[in-house]
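Okay, structure first, notes after.
Encoded structure:
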């Protein structure tokens, strides 16, 4: 409670959350207020923003505003899902390795380090391009999550290894608590704020990763995301035609979301980490 | 002229709700060059707050209420923390902290951290001369120079680490050194090694005047010339080492000496006497003597009359009934 | 011969950390025994292996080789072992989780008991234990570890022992983090525990003066070995081993010349 109050006193946190939840609200509720149609051709190709179409149309004459709202939702969904997968996997493995120690820890550390040196983006491209059919949003999120967990695993491992040496763990053991109970009661509370921060960062990087692979044409094939809008715009000479409304708005949206998440993360670090408190 | 003077110093913490909590109240002492003053007291008695006050370093929520601190006749009060760090710390007053692990950066070599100390205080230092100077100093203070300078803190033992901290904090030949429980985290053997090094530095005139803070009165018997006993933000007794250790007059000092243990014939039969209760909460105003609640010789008047320093048997005692 | 009245007995006990070249022998070929209701002090500087030995006694570390028996039998059922042997650690602040109240954590120690008492009885026993260490239960009601002083926290650890009433107490430097004046009261409570529960106490410290005061027998440890053992009077007043002499010499006693300047 006190932490939350402290957070709410941090301007950075307030700005970050306001922006971020603003985008979430838009993604959730805008379709109810605005007629979103991403299939119907409602106008001429590359119509500039005007009264009828607030952000103009794309190369097929589809309303850009509809595309953006739909794409925003998809991007947030992918980011959230990927962040979830990466954080949960990473946290579980990190805690297991850090707490268990011994060869299990060595093995997990080895795998983590292996994954860290492999350029994940290349792996991302390879996996996505090998899946010609059925690239759904959830699958993309899964792929991103599967390549990004190493980062959180490493961070969590270091933290849990340092908590492990605290005496209350030993005391819990002689109280007869099992390993699972110790992890849940004695380690997770200490890691919670940290894991939450990792989750936010993973969400942000998930959104970015999705945008990147979609941009080069390896994104979901059955729906629209901010990345695929960029891809479409790139493929259809939006830049050459001077149709800035086809690529600038999605770019700004991505930047705003990631920026807001980073803001939240930095401000939380200041509150959670007493050393950074001034 | 005294080299270090603390004149009726009052310090307080400002809470978030605007309340003032007095942490140090009316501390007065002065030190001549070459003197070692020991300050003893239990945790929470204001020792560490007094240290910050003696350096003139006031970082919120700590604020000076009144009083003055002078080094060599020059007041060091009323400066910004930045100014204090640049011009006072290290040169005029150096501080040896308790946990060497927390005061050294684990990711940097000892020599770089030592170099920082010089670079942050002096302009235009030649890098080559700088390291030569470090090497000379570490040789002089009896460290294994080559091994220690190139090492990361984690590669050194706790004792060596603490000695490095001492070496680094006295690099600029400070006029005054304040050691805040420098040996409390160490075992007895390492403690002795660290004390021996401090004595060595004193002998070599790297610094000559020191305040040594600890909760172990017996240790001060060997370190200090004079001892001040602190309780709840006040000095309750201030006298020479022999006076305080062998002939304490304030009930609190007596109690501290009574709680002591040692390996001597007959000691097993003598029970150490614990001081029951806890120090008063300074957030609430205290009328009367601050030690009254725990004092074995308490009288009804003690809870009413504020105790002032008076001279008993050639030393200062803050107790109206001490003899 | 190890029997019912021998609490711990060790034969050629060795504990090695790490592998290959980097390995260190924390415990090196120890053979000793500790009798029932005895107070034994393990004394040595940092890194002498005394804390590792304490963890072996608590069954938190398995020895690499050698035999370690509790009451003449190897430790198989660890829950049974922890019902009998309980610790008090050095740093009371790291012994309590900052996310639960102290009272809740004291109650968690009932978990090791064979049959958990009823809720009401649990509360009563916690209250009794707190009173035994001179703390008014309402004083810590709803409080967390960081809200109490070091001396109070150390007493919480002792209260835990009053709740569990084990046969053996492993006290790992219980007074090294507290002030000199609190130290005496912690020792008082230890003696009270010993008297009331007729416990065996293994007292670990680096201060031979403290060991001299509390124990029936002193083991001096150095680099994983016991270099001298005997009664406090023998070890502390007529030391034979150089390490013992050094430990004695290093205590800043007020009556002797400790360091010359």
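Protein chains in written order, with the numbering used here: chain A, 4 to 281; chain B, -16 to 306; chain C, 59 to 319. Quick reminder that beta carbons are idealized off the backbone N, C-alpha and C, glycines included.
With a threshold of 8 Å on Cβ separation, who are the neighbours of residue i within its own chain once the five nearest residues in sequence on each side are excluded?
i, result
"residue 300 (chain C)", "none"
"residue 199 (chain A)", "271"
"residue 72 (chain B)", "38, 40, 78"
"residue 6 (chain A)", "196, 274, 275"
"residue 304 (chain B)", "280, 282, 285"
"residue 89 (chain B)", "135, 136, 137"
"residue 150 (chain B)", "97, 120, 121, 124, 126"
Mind listing the chain C neighbours of residue i? Cutoff is C-beta to C-beta under 9 Å, in chain order.
i, result
"residue 173 (chain A)", "113, 116, 118, 145, 147, 153"
"residue 238 (chain B)", "239"
"residue 323 (chain B)", "In this structure chain B extends from -16 to 306, so residue 323 (chain B) is not present and cannot be described."
Checking the sheet assignment: what are the DSSP bridge partners for residue i?
i, result
"residue 214 (chain B)", "B:217"
"residue 158 (chain A)", "For residue 158 (chain A), which the question treats as bridged, DSSP gives no partner whatsoever."
"residue 51 (chain B)", "B:-10"
"residue 145 (chain C)", "C:228"
"residue 192 (chain B)", "B:159"
"residue 179 (chain A)", "DSSP lists no partner for residue 179 (chain A)."
"residue 209 (chain B)", "B:20, B:223"
"residue 97 (chain C)", "C:259"
"residue 123 (chain C)", "C:72"
"residue 298 (chain B)", "B:295"
Considering only residues of the same chain and omitting the five flanking positions on each side of residue i, which have a CB-CB separation below 7 Å?
i, result
"residue 33 (chain A)", "72"
"residue 73 (chain C)", "84, 85, 110, 114, 119, 121, 122"
"residue 94 (chain A)", "155, 159, 198"
Run down chain A in chain order and give the residues with a C-beta less than 8 Å from the C-beta of residue i.
i, result
"residue 1 (chain C)", "There is simply no residue 1 (chain C) to check, as chain C begins at 59 and stops at 319 in what is shown."
Please compile the residues from chain C whose C-beta is within a distance smaller than 7 Å of the C-beta of residue i.
i, result
"residue 27 (chain B)", "207"
"residue 176 (chain A)", "118"
Could you check whether the Cβ of residue i sits closer than 7 Å to any heavy atom belonging to the ligand HEM?
i, result
"residue 238 (chain A)", "Looking at this structure, you won't find the ligand HEM or any other ligand, since it has none at all."
For residue i, which residues of its own chain have a beta-carbon under 6 Å away from its beta-carbon, when the five flanking residues on both sides are left out?
i, result
"residue 257 (chain A)", "214, 229"
"residue 193 (chain A)", "166"
"residue 234 (chain A)", "217, 218, 220"
"residue 69 (chain A)", "39, 40, 41"
"residue 248 (chain C)", "none"
Run down chain A in chain order and give the residues with a C-beta less than 7 Å from the C-beta of residue i.
i, result
"residue 157 (chain C)", "192"
Under 8 Å Cβ-Cβ, which residues of chain C neighbour residue i?
i, result
"residue 170 (chain A)", "147, 148, 149, 152, 153"
"residue 180 (chain A)", "166, 169"
Given that residue i touches chain B, what residues does it touch there, using C-beta distances under 9 Å?
i, result
"residue 292 (chain C)", "Those do not exist, as residue 292 (chain C) stays about 12 Å from chain B at its closest Cβ, beyond 9 Å."
"residue 310 (chain C)", "171, 174, 175, 178, 199, 201, 202, 203, 204, 205, 206"
"residue 317 (chain C)", "175, 178, 179, 182, 205, 206"
Could you tell me which chain B residues have their CB closer than 8 Å to the CB of residue i, listed as they occur along the chain?
i, result
"residue 304 (chain C)", "172"
"residue 243 (chain C)", "257, 258, 259"
Just to make sure I have the definition right: I need the residues of chain B whose C-beta is within less than 7 Å of the C-beta of residue i. Which are they?
i, result
"residue 295 (chain C)", "248"
"residue 87 (chain C)", "Neighbours of residue 87 (chain C) on chain B: none; closest Cβ ~23 Å, over 7 Å."
(message) Measuring CB atoms only, is the segment 33 to 44 of chain B touching the segment -5 to 9 of chain B, in the sense that at least three cross pairs come out at less than 8 Å?
(response) In short, these stretches touch, since the Cβ pair count reaches three.
(request) Report the residues of the segment 128 to 142 of chain C with a CB closer than 7 Å to any CB of chain A, ordered along the chain. (result) Here the close residues are 137, 140.
(message) Does the structure place the segment 62 to 70 of chain A close enough to the segment 39 to 48 of chain A that three or more beta carbon pairs sit under 8 Å?
(response) Three or more Cβ pairs drawn from the segment 39 to 48 of chain A and the segment 62 to 70 of chain A lie within less than 8 Å of each other, which places the two stretches in contact.
(request) Give a yes or no on contact between the segment 209 to 229 of chain A and the segment 122 to 132 of chain A, applying the rule of three or more CB pairs nearer than 8 Å. (result) Contact holds: three or more Cβ-Cβ distances are below 8 Å.
(message) Would you call the segment 215 to 228 of chain A in contact with the segment 24 to 39 of chain A, where contact means no fewer than 3 C-beta pairs closer than 8 Å?
(response) The segment 215 to 228 of chain A is not in contact with the segment 24 to 39 of chain A.
(request) Taking only beta carbons into account, state which residues of the segment 259 to 279 of chain C come closer than 7 Å to chain B, listed in chain order. (result) Close to chain B, meaning a Cβ-Cβ distance shorter than 7 Å, are the following residues of the segment 259 to 279 of chain C: 264, 265, 266, 267, 268, 270, 271.
(request) Taking only beta carbons into account, state which residues of the segment 182 to 212 of chain A come closer than 8 Å to chain C, listed in chain order. (result) For chain C, the residues of the segment 182 to 212 of chain A that bring a beta carbon within less than 8 Å of one of its beta carbons are 188, 189, 192, 193, in chain order.
(message) Short of 7 Å Cβ to Cβ, which residues in the segment 161 to 181 of chain C face chain A?
(response) Result list: 166, 167, 169, 170.
(message) Does the segment 169 to 187 of chain A come into contact with the segment 139 to 157 of chain C, if we say contact requires no fewer than three beta-carbon pairs (one atom in each stretch) closer than 8 Å?
(response) At 8 Å Cβ cutoff, the stretches touch.
(message) For the segment 174 to 200 of chain B, list every residue whose C-beta sits within 8 Å of some C-beta in chain C, in sequence order.
(response) So the list reads 174, 175, 178, 179, 182, 185, 186, 198, 199, 200, given in the order they occur along the chain.
(request) Take every Cβ of the segment 248 to 268 of chain B, pair it with every Cβ of the segment 204 to 219 of chain B, and state whether three or more of those distances are shorter than 8 Å. (result) Contact between the segment 248 to 268 of chain B and the segment 204 to 219 of chain B is present, because at least three Cβ pairs lie under 8 Å.
(request) Mind checking the segment 92 to 110 of chain C against chain B and listing, in chain order, the residues whose C-beta falls within less than 7 Å of any C-beta there? (result) Of all residues in the segment 92 to 110 of chain C, 103, 104 have a Cβ within less than 7 Å of some Cβ in chain B.
(request) Pull out every residue of the segment 151 to 170 of chain B whose Cβ sits closer than 7 Å to any Cβ of chain C, in chain order. (result) Listed in sequence order: 170.
(request) Evaluate the contact criterion for the segment 268 to 285 of chain C versus the segment 88 to 99 of chain C: three or more CB pairs, one atom per stretch, below 8 Å. (result) Here the segment 268 to 285 of chain C lies against the segment 88 to 99 of chain C, with 3 or more beta-carbon pairs under 8 Å apart.
(message) Closer than 8 Å between beta carbons: that is the criterion. Which residues of the segment 2 to 24 of chain B meet it against chain C?
(response) Within the segment 2 to 24 of chain B, no residue has a Cβ that lies closer than 8 Å to any Cβ of chain C.
(message) Does the structure place the segment 157 to 167 of chain B close enough to the segment 27 to 37 of chain B that three or more beta carbon pairs sit under 8 Å?
(response) At 8 Å Cβ cutoff, the stretches touch.
(request) Would you be able to state if there are at least three C-beta pairs under 8 Å between the segment 123 to 137 of chain C and the segment 202 to 215 of chain C? (result) No, the segment 202 to 215 of chain C is not in contact with the segment 123 to 137 of chain C.
(message) Would you call the segment 243 to 252 of chain B in contact with the segment 304 to 312 of chain C, where contact means no fewer than 3 C-beta pairs closer than 8 Å?
(response) Because the criterion of three Cβ pairs below 8 Å is met, the segment 243 to 252 of chain B and the segment 304 to 312 of chain C touch.
(message) Does the segment 61 to 75 of chain B come into contact with the segment 195 to 203 of chain B, if we say contact requires no fewer than three beta-carbon pairs (one atom in each stretch) closer than 8 Å?
(response) No: fewer than three Cβ pairs fall under 8 Å.
(message) By the 8 Å beta-carbon criterion, what residues does the segment 218 to 234 of chain B contribute toward chain C?
(response) Residues of the segment 218 to 234 of chain B whose Cβ lies closer than 8 Å to any Cβ of chain C, in chain order: 228, 229.
(message) Does the contact criterion of 3 or more C-beta pairs under 8 Å hold for the segment 87 to 102 of chain A versus the segment 232 to 246 of chain A?
(response) With a cut-off of 8 Å, the segment 232 to 246 of chain A and the segment 87 to 102 of chain A do not count as touching, because too few Cβ pairs lie within range.
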